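The working numbering puts the first residue of the sequence shown at 1, with every later residue one more than the last.
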Amino acid sequence: MFPTTDAEVWREELKDFVPERIFDAHVHLWRPEDVPDGMEIAPTDLGMRSFHGYTVEDFRASMDRLLPGRSVGALAFGAVHKDLPRERINRYAAAVQDAGPDICCLATVSPSDPMESVERWIEGYGLLGYKPYLNFVEHKQQDAVEIRDMLTPEQLDYANERELIVTLHIPRKYRLAEPLNKEQIREVATSFPRITWIIAHIGRAYFMAALEGHIEEVCDLENVYFDLAFVGSAPVIAHTIRTVGVQKVLFGTDLPVADIKGKNVDFNNQRLYVTEEPKPWSMSNPDLDLTFTRFYYEELRAIKGAARELRLTDSQIEDIFCRNAERLIPGRK
Ligand SMILES: [Zn+2]
């Protein structure tokens with residue numbers, strides 16, 4: 001009756017909506033052999049708790065299953081955990097990038113990484129930019145980390161000089177709604193104007209109260225883009241597109257976590273994950289006997305809902321799903 005299984009959701013709700021060409025701007029790829037034995041993984045670390053690794057072969061297998069018949073490119077980077085060996089993680093990213101034109105990669109970068117390493121990852125390996133992360137900042141409590149702590153001035157100058165991409169997962173409890181974050185997004189975007197800034201997960205504003213009135217304060221920055229990774233709300237995506245413009249929005253999913261059965265939901269101005277199987281980071285009740293589809297399909301459903309609400313044209317939908325991101329990648333314009 002209602003589409004609920006993966007196959008039904010794809011066939012009946014998504015197949016006719018999703019364009020032929022897709023570019024996913026937010027994918028994590030790493031090899032299980034690069035994860036040190038005994039590395040401590042927090043219960044709330046969705047990706048590393050659920051996947052020992054996610055290689056380019058795993059990614060292609062997910063794509064053949066989730067998006068049959070589509071041509072898929074990606075902007076990818078390693079898993080983000082402070083104890084992963086970034087040299088090995090970034091070397092793998094470079095090997096993935098070298099293997100074909102469809103996947104481009106960023107280096108995972110900590111403020112503690114010396115410029116010598118950063119230069120090797122960018123100039124030596126040819127990676128297109130940085131993926132910093134808040135838990136790479138080790139000299140502060142996690143909830144006190146600021147955007148300006150996540151990369152050093154030297155790393156930023158270098159990125160600006162070389163016109164790199166930086167995918168930024170913003171810190172702090174209230175995410176995009178934090179005045180300090182909005183100030184610092186503006187500050188880094190204007191001080192480093194040749195960097196292409198991609199604000200991951202729309203600034204982690206997964207519900208309207210976290211977004212409305214806040215994204216307006218950073219919507220005019222020419223070099224700032226927003227990826228849709230792991231956003232499950234059509235109103236949030238519609239408001240984002242309306243505020244920042246179609247051209248600034250990039251399809252992204254946060255694979256491999258997006259390949260789990262579940263949905264990112266919100267209630268009472270809070271976000272939570274519901275999943276089919278109980279996880280330390282989700283709400284789940286197997287007794288209810290509910291049928292789930294993947295986060296990935298729920299993300300696509302949300303984009304479809306936003307596209308309908310805004311009456312986007314096919315061409316605008318293609319911009320979001322691939323052309324906007326491709327314009328940012330050197331050699332792909
Ligand atoms: Zn991610």
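Backbone N, C-alpha and C define an ideal beta-carbon position, used for all residues, glycine too. Just so we're clear, the structure is a prediction, and the values are computed from it rather than from any experiment.
Proximity of ALA325 and LEU250 at Cβ, strictly below 9 Å: Translated into positions along the sequence shown, residue 325 becomes position 325. Translated into positions along the sequence shown, residue 250 becomes position 250. For ALA325 and LEU250, yes; Cβs fall inside 9 Å.
Pairwise C-alpha distance: PHE267 and ILE303: Position 303 of the sequence shown holds residue 303. Position 267 of the sequence shown holds residue 267. ILE303 and PHE267: Cα-Cα distance of roughly 19 Å.
Contact test: ALA177 Cβ vs ligand 1 heavy atom, cutoff 8 Å: For the purposes of this step, residue 177 is identified with residue 177 of the sequence shown, where counting begins at 1. No - ligand 1 has no heavy atom lying nearer than 8 Å to the Cβ of ALA177.
Buried or exposed (CB count within 10 angstroms, at least 16 for buried), LYS365: No answer is possible for residue 365: the residues shown for the chain start at 1 and end at 333.
Opposing strand residues paired with HIS28 [DSSP bridges]: Reading the sequence shown from its first residue, position 28 is the one you call residue 28. DSSP output for HIS28 lists PHE77 as bridge partner(s).
The region 96–107 contacting the region 133–140, beta-carbon criterion three pairs below 8 Å: no
Nearest-angstrom Cβ-Cβ length linking PHE226 and VAL244, presumed shorter than 8 Å: The residue labelled residue 226 in the question sits at position 226 within the sequence shown. The residue labelled residue 244 in the question sits at position 244 within the sequence shown. Right, the Cβ-Cβ distance comes to about 6 Å (below 8 Å), so this counts as a contact.
Any non-hydrogen atom of ligand 1 within 8 Å of VAL345 CB: One cannot answer for residue 345 here, as it falls past the ends of the chain, which runs 1 to 333.
Beta-ladder partner(s) of VAL274, from DSSP: Taking the sequence shown and counting its residues from 1, one reaches residue 274 at position 274. LYS263 and MET283.
Test item: CB-CB of THR167 and TYR130 under 9 Å: Your numbering for residue 167 matches position 167 in the sequence shown. Your numbering for residue 130 matches position 130 in the sequence shown. Contact flag set, yes.
Test item: CB-CB of GLU299 and PRO235 under 9 Å: Counting from 1 along the sequence shown, the entry for residue 299 is found at position 299. Counting from 1 along the sequence shown, the entry for residue 235 is found at position 235. Not closer than 9 Å, so no.
Through-space distance from GLY203 to THR240, alpha-carbon basis: Here residue 240 is taken as the residue at index 240 of the sequence shown, counted from 1. Here residue 203 is taken as the residue at index 203 of the sequence shown, counted from 1. Distance between the alpha carbons of THR240 and GLY203: 11 Å.
Euclidean distance between Cα positions of GLY47 and ALA159: Walking along the sequence shown from the start, residue 47 turns up at place 47. Walking along the sequence shown from the start, residue 159 turns up at place 159. Straight-line Cα distance between these residues: approximately 27 Å.
Check: PHE230 C-beta below 8 Å from any heavy atom of ligand 1: Position 230 of the sequence shown, counted from the start, is the residue given in the question as residue 230. Yes, the Cβ of PHE230 comes within 8 Å of a heavy atom of ligand 1.
Extent of the continuous alpha helix (DSSP H) run through ASP336: Nothing can be reported for residue 336: it is not among the residues displayed for the chain, which extend from 1 to 333.
Three-pair Cβ contact test at 8 Å for the region 75–95 versus the region 27–47: yes
Alpha-carbon to alpha-carbon, GLU20 and GLY73: Here residue 73 is taken as the residue at index 73 of the sequence shown, counted from 1. Here residue 20 is taken as the residue at index 20 of the sequence shown, counted from 1. Cα to Cα, the separation comes out at about 11 Å.
Reduced DSSP secondary structure (H/G/I, E/B, other) of ASP314: Your numbering for residue 314 matches position 314 in the sequence shown. Residue state, collapsed to three classes: helix.
Buried versus exposed call for PHE2 [16 or more other C-beta atoms within 10 Å across all chains shown]: Numbered from its first residue, the sequence shown carries residue 2 at position 2. Exposed, because fewer than 16 other Cβ atoms sit within 10 Å of the Cβ of PHE2.
Check: GLY53 C-beta below 8 Å from any heavy atom of ligand 1: Residue 53 sits at position 53 when you count from the first residue of the sequence shown. No - ligand 1 has no heavy atom lying nearer than 8 Å to the Cβ of GLY53.
Contact belief for THR253 with ASN223 at Cβ below 8 Å, rounded distance in angstroms: Reading the sequence shown from its first residue, position 253 is the one you call residue 253. Reading the sequence shown from its first residue, position 223 is the one you call residue 223. Between ASN223 and THR253 the Cβ distance is about 23 Å, and since that is not below 8 Å, they are no contact.
Where the beta strand (DSSP E) containing GLY129 begins and where it ends: Position 129 of the sequence shown holds residue 129. Element bounds for GLY129: 129–131.
Any non-hydrogen atom of ligand 1 within 8 Å of ASP319 CB: Translated into the one-based positions of the sequence shown, residue 319 becomes position 319. No.
Pairwise C-alpha distance: HIS214 and GLU178: Counting from one through the sequence shown, the residue named residue 178 turns up at place 178. Counting from one through the sequence shown, the residue named residue 214 turns up at place 214. Taking the straight line joining both Cα atoms gives about 8 Å.
Sequence-distant residues of its chain with Cβ nearer than 6 Å to ALA61 (five each side left out): On the sequence shown, residue 61 is found 61 positions in, with the first residue counted as 1. So no residue of the chain qualifies.
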